[in-house]
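Peer 1: Throughout the sequence shown, residue numbering follows our numbering, covering 411 to 558 in sequence. Ideal Cβ placement from N, Cα and C applies to all residues, glycine included.
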Amino acid sequence: DRQAPEGIYALTPASLNPNSHYHLALNINYPNRYDRNHHRDGDLIMIHGKCSSSGCFAMGNSQIEEIYHMVEAALKQGQKFIYVAIYPFRMSEKNLDAFRRSHWYPFWKNLQSGYLHFEQTHIPPFAGVKGARYIFQKRGRDLNLTQN
411 DRQAPEGIYA LTPASLNPNS HYHLALNINY PNRYDRNHHR DGDLIMIHGK
461 CSSSGCFAMG NSQIEEIYHM VEAALKQGQK FIYVAIYPFR MSEKNLDAFR
511 RSHWYPFWKN LQSGYLHFEQ THIPPFAGVK GARYIFQKRG RDLNLTQN
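Dropping the structure here:
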């Protein structure tokens, strides 16, 4: 809808909203540190049910139930956060090259490094923010995006 953010976000226990007007909801914690460093504002960007939204990620109730309960179970078992990667399109070299003149190209090129790591390994990289860029690591210290 050209309103939802793109980037890497982190679901935490505080993200869970079982009492949402939209059936169930997960707050992606927008804006994250990257967004704040780029003076982006807004809040309450959710992944939720009821298939209707403006700026959020809406889906059917059965789909959000499945996702919500997996996230809830992982967090209850001690996982500190779950990354949500939001990309504008499949970030292959060919697809990205088609947008090389876009003012979003440098941002998308930065996101592509995390995307390609996952596509090659099927393991999400650790993600964080350093200055005005996302950084991605194969392993190492926690780069939790929810830290200030």
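1) Using the beta-carbon count (16 or more within 10 Å), is glycine 541 buried or exposed?
2) Spatial neighbours of asparagine 558 within its chain, please: C-beta separation below 6 angstroms, excluding the five flanking residues on both sides.
3) Counting along the chain, where does the alpha helix (DSSP H) carrying isoleucine 477 start and finish?
4) What residue does the alpha helix (DSSP H) around phenylalanine 528 start on, and which one ends it?
5) Considering Cα atoms alone, identify which of Tyr497, Glu529, Gly524, Tyr525 is closest to tryptophan 514.
6) In whole angstroms, what separates the C-alpha of glutamate 476 from that of glycine 538?
7) Using only alpha-carbon positions, find the residue among Ser430, Ile455, Asp507, Tyr544 that is nearest to alanine 414.
8) Within a Cβ cutoff of 6 angstroms, which residues of the same chain sit near proline 441, ignoring the five residues on either side of it in sequence?
Peer 2: Reading off the structure:
1) In the sequence shown, the residue the question calls residue 541 occupies position 131. In summary, glycine 541 is exposed, with fewer than 16 beta-carbon neighbours lying within 10 Å of its beta-carbon over all protein chains present.
2) To locate residue 558, count along the sequence shown from 1; it is residue 148. A caution first: asparagine 558 carries a pLDDT of 43, below 50, which makes its placement in the model too unreliable to give a value.
3) To locate residue 477, count along the sequence shown from 1; it is residue 67. Looking at the DSSP string, the run of the alpha helix (DSSP H) that includes isoleucine 477 is 471-486.
4) By one-based count along the sequence shown, residue 528 stands at place 118. 515-531 is the extent of the alpha helix (DSSP H) around phenylalanine 528.
5) Your numbering for residue 514 matches position 104 in the sequence shown. Among Tyr497, Glu529, Gly524, Tyr525, the Cα nearest to that of tryptophan 514 is on Tyr497.
6) What you label residue 476 is simply residue 66 of the sequence shown in a count that begins at 1. What you label residue 538 is simply residue 128 of the sequence shown in a count that begins at 1. So the two alpha carbons sit approximately 27 angstroms from each other.
7) Counted from its first residue, the sequence shown places residue 414 at position 4. The option with the nearest alpha carbon to alanine 414 is Ile455.
8) For this step, residue 441 is matched to residue 31 along the sequence shown. Correct list, in chain order: Arg450.
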